[in-house]
Amino acid sequence: MPPRGPSTPPPATSARGNRGGMKAKAKAKMQTLRPAPAKRTCHKIPPPPGMPKVRKVGANRYGCPHEGCNKDYSRAYDVKHHYWDHVDDKLIWVCMECFGVYTRYDNALKHFKLVHNREALDEDILMIQCSADQIALWGL
Numbered sequence: 001m002p003p004r005g006p007s008t009p010p011p012a013t014s015a016r017g018n019r020g021g022m023k024a025k026a027k028a029k030m031q032t033l034r035p036a037p038a039k040r041t042c043h044k045i046p047p048p049p050g051m052p053k054v055r056k057v058g059a060n061r062y063g064c065p066h067e068g069c070n071k072d073y074s075r076a077y078d079v080k081h082h083y084w085d086h087v088d089d090k091l092i093w094v095c096m097e098c099f100g101v102y103t104r105y106d107n108a109l110k111h112f113k114l115v116h117n118r119e120a121l122d123e124d125i126l127m128i129q130c131s132a133d134q135i136a137l138w139g140l
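Read in the UniProt record's numbering, the sequence shown has 67 at position 67, and its numbers run on one by one without any break.
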């Protein structure tokens with residue numbers, strides 16, 4: 001091996017690779033990246049009209065406040081979602097890309113991610129409150 005000093009450049013070998021090419025590729029990739037879309041905010045299901053306050057029935061248990069209903073859940077959110085079963089009006093969610101209709105928000109989100117290949121934003125899924133007659137028109 002020849003002597004190396006401060007003025008002798010390191011030997012060029014194929015094992016080191018081309019660092020300049022790697023930087024150029026990374027730079028090109030960064031330039032093609034789009035800014036992240038605005039995050040979807042937590043979409044809350046509104047309480048049904050006239051819904052009484054959710055009652056706590058035990059440690060981490062919440063009961064349905066509807067008279068005669070003995071169902072309880074581990075989250076108050078689930079009670080609110082369940083209480084919609086006791087009212088005539090219902091909620092539906094519509095995908096604004098393909099106009100698919102869903103009776104549950106989480107199913108609309110799953111659909112959007114699988115079919116449209118991205119996370120849904122607030123404006124991508126529209127919540128509509130419908131009467132039972134209107135629900136029948138949607139075929140749900």
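The beta carbon of each residue, even a glycine, is placed where N, CA and C say it ideally should be. Bear in mind that the values here come from a model prediction, so they are computed numbers and not experimental data.
What did DSSP end up calling V101 once you bin it into helix, strand or coil?
Translated into the one-based positions of the sequence shown, residue 101 becomes position 101. Residue state, collapsed to three classes: strand.
Starting from the N-terminal side, write out each stretch of the alpha helix (DSSP H) that is 4 residues or longer and does not extend beyond the UniProt domain "C2H2-type" (62 to 91).
Entirely contained in the UniProt domain "C2H2-type" (62 to 91), the alpha helix (DSSP H) runs reaching 4 residues are, in chain order, 76 to 83.
Please say whether V54 and K63 have beta carbons closer to each other than 9 Å?
Position 63 of the sequence shown, counted from the start, is the residue given in the question as residue 63. Position 54 of the sequence shown, counted from the start, is the residue given in the question as residue 54. The sequence shown places Gly at residue 63, not Lys. Yes.
Tell me which same chain residues have a C-beta within less than 6 Å of the C-beta of V87, skipping the five on either side of it?
In the sequence shown, the residue the question calls residue 87 occupies position 87. P48, listed in sequence order.
Straight-line gap, D106 to G139 (C-alpha atoms, nearest Å)
In the sequence shown, the residue the question calls residue 106 occupies position 106. In the sequence shown, the residue the question calls residue 139 occupies position 139. Between D106 and G139, the C-alpha separation is close to 19 Å.
Starting from the Cα of W93, find the closest Cα among H66, D122 and G50 and give me that residue.
By one-based count along the sequence shown, residue 93 stands at place 93. With distances taken between Cα atoms, W93 lies closest to D122.
Return the CA-CA distance between V57 and K71, expressed in angstroms with no decimal places.
Stepping through the sequence shown from its first residue, residue 57 is reached at position 57. Stepping through the sequence shown from its first residue, residue 71 is reached at position 71. If I take the Cα positions, the gap works out to 10 Å.
Would C69 pass as an interface residue toward chain C - the criterion being a Cβ-Cβ separation below 9 Å?
The structure shown has no chain C; it contains just one protein chain.
Which residue's Cα is closest to the Cα of G100: D85, H116 and K90?
Start at 1 with the first residue of the sequence shown, and residue 100 comes out as number 100. Ranking D85, H116 and K90 by Cα distance to G100 puts H116 first.
Could you name the residues of the same chain whose beta carbon sits closer than 8 Å to that of P65, not counting the 5 residues immediately before and after it, in chain order?
In the sequence shown, the residue the question calls residue 65 occupies position 65. Excluding positions up to five away in sequence, the list reads M51, P52, K53, V54, R55, V79 and Y83.
Taking 6 Å as the limit between beta carbons, can you name the residues of its chain near Y73, skipping five residues before and five after?
Looking up residue 73 in the sequence shown gives position 73. The answer, listed in chain order, is Y62 and V79.
For a quick check, are the C-beta atoms of M96 and L137 less than 9 Å apart?
Start at 1 with the first residue of the sequence shown, and residue 96 comes out as number 96. Start at 1 with the first residue of the sequence shown, and residue 137 comes out as number 137. No.
Which term fits A108, buried or exposed, when burial requires 16 or more other beta carbons within 10 angstroms of its beta carbon?
As a first step, residue 108 must be located in the sequence shown, where it is residue number 108. The residue is buried, with at least 16 neighbouring Cβ atoms inside 10 Å.
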